[in-house]
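Chains as they are written, first to last, in our numbering: chain A, 1 to 214; chain B, 215 to 428; chain C, 429 to 642; chain D, 643 to 856. Worksheet: the structure to be examined is printed underneath.
There are 4 protein chains.
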Amino acid sequence: MTAGRRGATRSQAARAAILAATSSLIERLGYDRVTMEGIASEAGVGKQTIYRWWPSKSAVVAECLIEGALLPETYAPHDTGDIVADLTEWLQRVFDFIAAPGHETMLRSLIAAAVDNPEIGEHLTGRLGASPDVLAERLRTAAAARQLRPGTSVERLTDMFMGIVLSRVLLRTPADPDDARAFVELVLTGAAPHRPTRPASAPPRSSTARQPRR
Amino acid sequence: MTAGRRGATRSQAARAAILAATSSLIERLGYDRVTMEGIASEAGVGKQTIYRWWPSKSAVVAECLIEGALLPETYAPHDTGDIVADLTEWLQRVFDFIAAPGHETMLRSLIAAAVDNPEIGEHLTGRLGASPDVLAERLRTAAAARQLRPGTSVERLTDMFMGIVLSRVLLRTPADPDDARAFVELVLTGAAPHRPTRPASAPPRSSTARQPRR
Amino acid sequence: MTAGRRGATRSQAARAAILAATSSLIERLGYDRVTMEGIASEAGVGKQTIYRWWPSKSAVVAECLIEGALLPETYAPHDTGDIVADLTEWLQRVFDFIAAPGHETMLRSLIAAAVDNPEIGEHLTGRLGASPDVLAERLRTAAAARQLRPGTSVERLTDMFMGIVLSRVLLRTPADPDDARAFVELVLTGAAPHRPTRPASAPPRSSTARQPRR
Amino acid sequence: MTAGRRGATRSQAARAAILAATSSLIERLGYDRVTMEGIASEAGVGKQTIYRWWPSKSAVVAECLIEGALLPETYAPHDTGDIVADLTEWLQRVFDFIAAPGHETMLRSLIAAAVDNPEIGEHLTGRLGASPDVLAERLRTAAAARQLRPGTSVERLTDMFMGIVLSRVLLRTPADPDDARAFVELVLTGAAPHRPTRPASAPPRSSTARQPRR
DNA sequence: TGATAATCGAGACGGTACGTCCTGTCTTTCA
DNA sequence: TGAAAGACAGGACGTACCGTCTCGATTATCA
Chain A
1 MTAGRRGATR
11 SQAARAAILA
21 ATSSLIERLG
31 YDRVTMEGIA
41 SEAGVGKQTI
51 YRWWPSKSAV
61 VAECLIEGAL
71 LPETYAPHDT
81 GDIVADLTEW
91 LQRVFDFIAA
101 PGHETMLRSL
111 IAAAVDNPEI
121 GEHLTGRLGA
131 SPDVLAERLR
141 TAAAARQLRP
151 GTSVERLTDM
161 FMGIVLSRVL
171 LRTPADPDDA
181 RAFVELVLTG
191 AAPHRPTRPA
201 SAPPRSSTAR
211 QPRR
Chain B
215 MTAGRRGATR
225 SQAARAAILA
235 ATSSLIERLG
245 YDRVTMEGIA
255 SEAGVGKQTI
265 YRWWPSKSAV
275 VAECLIEGAL
285 LPETYAPHDT
295 GDIVADLTEW
305 LQRVFDFIAA
315 PGHETMLRSL
325 IAAAVDNPEI
335 GEHLTGRLGA
345 SPDVLAERLR
355 TAAAARQLRP
365 GTSVERLTDM
375 FMGIVLSRVL
385 LRTPADPDDA
395 RAFVELVLTG
405 AAPHRPTRPA
415 SAPPRSSTAR
425 QPRR
Chain C
429 MTAGRRGATR
439 SQAARAAILA
449 ATSSLIERLG
459 YDRVTMEGIA
469 SEAGVGKQTI
479 YRWWPSKSAV
489 VAECLIEGAL
499 LPETYAPHDT
509 GDIVADLTEW
519 LQRVFDFIAA
529 PGHETMLRSL
539 IAAAVDNPEI
549 GEHLTGRLGA
559 SPDVLAERLR
569 TAAAARQLRP
579 GTSVERLTDM
589 FMGIVLSRVL
599 LRTPADPDDA
609 RAFVELVLTG
619 AAPHRPTRPA
629 SAPPRSSTAR
639 QPRR
Chain D
643 MTAGRRGATR
653 SQAARAAILA
663 ATSSLIERLG
673 YDRVTMEGIA
683 SEAGVGKQTI
693 YRWWPSKSAV
703 VAECLIEGAL
713 LPETYAPHDT
723 GDIVADLTEW
733 LQRVFDFIAA
743 PGHETMLRSL
753 IAAAVDNPEI
763 GEHLTGRLGA
773 SPDVLAERLR
783 TAAAARQLRP
793 GTSVERLTDM
803 FMGIVLSRVL
813 LRTPADPDDA
823 RAFVELVLTG
833 AAPHRPTRPA
843 SAPPRSSTAR
853 QPRR
């Protein structure tokens, strides 16, 4: 492939050992108590082998995330046709994941890592269902089925769902069994009372189509 | 003061110098490149003087936050009676703050700090307007004025607003000038189409009273 | 003494432990297999404590030498009045020291160290008897007692004796039991035949006083 | 070349490049700052190619020395019949070499190398004139011409001359323009006063034949 | 008015980790 | 099939901080 390339090729064994060690250590210790030396020694690898391929700890963690070594599965909403039920079931699964022992700490680790590595943020949300990925896709399907108001920005919707999860994890919001359903309902039906009851002080806004961001 | 207390009392000059140095360094370097030694030397203070009064770097940062040394002002929604306008104006101010140079980095620093210090998360959201504080209060006023649907959880609403801000900062969501208005409208009116248009595939849900969390 | 000196003072325990560890390791491993990390760990000391007080490994070794931790005793010629006997006895002691197991390696270590630290060369020769020190003193006494030819440079004489030892150690010259006596005799009486036999081709040099170096 | 030998033969170009690179680096950096990697990269050669033919850095250096890449010329005493003049002129040339800029450092490098490679010591002295080589030969000629006292050990004489050079280089003895002449005279005529003046306190030693070493 | 006790700036201490450099071996590709 | 290129495990380098401790000086209370 790479013509003219000479010398030994990258050791896949070393790469795998590094990613495995990193995942294991992150789970056990949390992001900021994991060290490059710790990873190297756990992986039975020279430090230079890590630095040769990744510029920083957060880059290694990012690759762990991409490889699926940190978050075991992705959380995609199903498509039963019922957007409310699908989102509720999806959000419930995400909340259940957070609630499992050690997972909240792990997610906070990933948030810390995301602070100095945008890629981690992207893949974190990707894993949880958002990003161009599956959550957005499901929302677009719903929009096509006229289950969302025309003009609703799918990006803003996914941002909100990710925000719900982030604030839960980062701000340690106490959990409630009804949360998944309640949040989905809130997002879909809104906080304001039914349309006719709209307060007089707020002038009825023209329902001009809202241009999606970007 | 404290009966039986002997010896020199805590130096307010040192305390102030430490908080000032910390703020300045956080702004310049970001949370994780600030060190206790750096703070001490910048403040012209012995390291022990810091450790005597705070257990960790994040505790010092937390106190900076409380003192208002890090976020210059709090962001409280006004109360003009129009909840939509008030929230929009408030969210716009928050977004403007984020957009100012250096502020996004600062907020990410605080997110990193919040990962290992829950207090920082609390005060961060407090500063931005949420927590038991002013945002929730404004929402409660709106609820009392029947501008929110009965049974809407104010806690969940504030979580969502905080989530919107967190995902913007942490996930580096690109900004749009219309964001503040659009998010507020989305939260208040929901993503689903007007009631009559509700899809047949989604069975009309019983309007059972939603128990508020906790 | 040092006015205005504040803060903890240098730990003599740490200093002693470092010098002891260094000596022990040099003896066991030889100069270039001794590492700063090895010294620190053997001494139960942080690496920084070494670097705080010494700029390099060779500086630590130099101080070991000065403290007498490496060469157990100094080798000073006695003064019985008989310069030949005194020098012979002294040189024999030095040769005996070299011949003892491990000592030749140790001396070669010190030579290696002397390459990048002139101080080590000085103290090494000092320990063995030369330098402004005792050997030179003994030679000056001999000169005063007219046991040396007037005008003989004491510096050159000590250089020669040190050279004899250095070449023995560095070049691994095989030892001979008679060496001490033979070298002293050679130095004192010279290699040329008795004066009358001086070759015609070499014009008799005027015995003008030779100015000592420096 | 070697019968039955198949495959590519040793690349003389690589060998030459390695020796050239080593010499150049030693001159520029000094022995212990030269690395195998540095040699390989300077020579445009794989590290393995070096390790295939030499076991260690000092072995490469030794071969450089043998090839004459490090010390440009050998220093052999002439034979005009006048041993004093010949040795003086020879020693002066050696001292002049040392005095040239960079040469003292180079010689100290070689001393460092000699510490862990006896061969280097041998060839170093060989280059300077000693060893079974030319200096010893010249001395033997002088002995045959009765310009040396019978029984004088040529080995010890060469050791002394090498010692003079070594102590000059290693101990950084300050140079004096008269040194070459003075040292030769000292070695040949000795430090003691003329025979009649021998001090009473020193008992006249029997002129027993001195057995040569080995 | 001392003695006592706490704080302060300073900084040394035993450690851990950093990111770089080098060693000596092994592996791949090219000529 | 030898040599270049270069990846690899390992280990030392010298630096930066950690959190604790020890100084000498200063400041406040209590006896």
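We treat Cβ as the ideally placed atom computed from N, Cα and C, and that holds for glycine.
request  = Could you have a look at residue 304(B) and say whether DSSP puts it in helix, strand or coil?
outcome  = helix
key: Distance, residue 123(A) Cα to residue 537(C) Cα   = 56 Å
request  = May I have the straight-line CA-CA distance separating residue 394(B) from residue 155(A), to the nearest angstrom?
outcome  = 14 Å
inquiry  = Using only the alpha-carbon positions, how far apart do residue 326(B) and residue 275(B) sit?
reply    = 11 Å
inquiry  = I need the DSSP call for residue 629(C), collapsed to helix, strand or coil.
reply    = In this predicted model, residue 629(C) has a pLDDT of only 46, less than 50, meaning its place in the structure is not dependable enough to derive any value.
ask   = Out of curiosity, what's the CA-to-CA distance linking residue 102(A) and residue 434(C)?
value = 47 Å
Segment contact, 8 Å Cβ cut-off, at least three pairs: the stretch 88-104 of chain A with the stretch 6-15 of chain A = no
Test item: CB-CB of residue 615(C) and residue 832(D) under 8 Å = yes
ask   = By Cβ distance, which residues of its chain are closer than 6 Å to residue 235(B), with the 5 residues on each side in sequence left out?
value = 253, 256, 257
request  = Please state whether DSSP places residue 284(B) in a helix, a strand or coil.
outcome  = coil
task = Specify, as a first and last residue, the run of the alpha helix (DSSP H) that residue 440(C) falls within.
result = 440-457
message = Using CA atoms only, rank isn't needed, just tell me which of 229(B), 241(B), 378(B) is closest to residue 267(B).
response = 229(B)
request  = Give the residues from the stretch 144-156 of chain A that approach chain B closer than 7 Å (Cβ to any Cβ), ordered along the chain.
outcome  = 145, 146, 147, 148, 149, 152, 153, 156
query = Are the C-beta of residue 490(C) and some C-beta of chain D separated by less than 8 Å?
reply = no
query = Going along chain D, which residues have a C-beta under 7 Å from residue 566(C)?
reply = Under the 7 Å cutoff, chain D gives no residues; its nearest Cβ is about 12 Å from residue 566(C).
request  = Measure the C-alpha to C-alpha separation of residue 104(A) and residue 332(B) and round it to an integer number of angstroms.
outcome  = 13 Å
message = So, with DSSP's three-state summary, where would you put residue 171(A)?
response = coil
query = Under the rule that 16 or more other beta-carbon atoms within 10 Å means buried, what is residue 717(D), buried or exposed?
reply = buried
ask   = By how many angstroms is the C-alpha of residue 239(B) removed from the C-alpha of residue 248(B)?
value = 6 Å
ask   = By a C-beta neighbour count over all protein chains shown, 10 Å radius and 16 as the cutoff for buried, is residue 742(D) buried or exposed?
value = exposed
Partners in chain B for residue 121(A), counting only beta-carbon separations shorter than 8 Å = 384, 385, 386
Cβ contact check for the stretch 721-728 of chain D and the stretch 773-784 of chain D: 3 or more pairs under 8 Å = yes
Residue 121(A) classed as buried or exposed, judged by whether at least 16 other C-beta atoms fall within 10 angstroms = buried
For residue 128(A), the nearest candidate out of 115(A), 64(A), 94(A), 116(A) (CA to CA) = 94(A)
ask   = Does the beta-carbon distance from residue 77(A) to residue 134(A) come in below 8 Å?
value = yes
task = Could you check what DSSP says for residue 323(B) in three-state terms: helix, strand or coil?
result = helix
query = Grouping DSSP H, G and I as helix and E and B as strand, with all else coil, what is residue 76(A)?
reply = coil
request  = To the nearest angstrom, report how far apart residue 671(D) and residue 460(C) are at their CA atoms.
outcome  = 18 Å
message = When you compare the CB of residue 59(A) with every CB in chain B, is at least one pair closer than 8 Å?
response = no
task = Can you tell me which of 445(C), 612(C), 574(C), 566(C) puts its alpha carbon nearest to the alpha carbon of residue 592(C)?
result = 612(C)
Nonlocal neighbours in the same chain, by C-beta distance under 6 Å from residue 564(C), ignoring five residues either side = 582, 586
ask   = Which bits of chain D does residue 653(C) rub up against, with CB to CB less than 7 Å?
value = Outside the shown range of chain C, which is 429 to 642, sits residue 653(C), and nothing can be said about it.
Residues near residue 446(C) by beta carbon distance below 7 Å, same chain, minus five either side = 467, 471, 473, 478, 488
Residue 278(B) to residue 237(B) span [Cα, whole Å] = 7 Å
message = Rounded to whole angstroms, what is the Cα-Cα separation between residue 812(D) and residue 542(C)?
response = 7 Å
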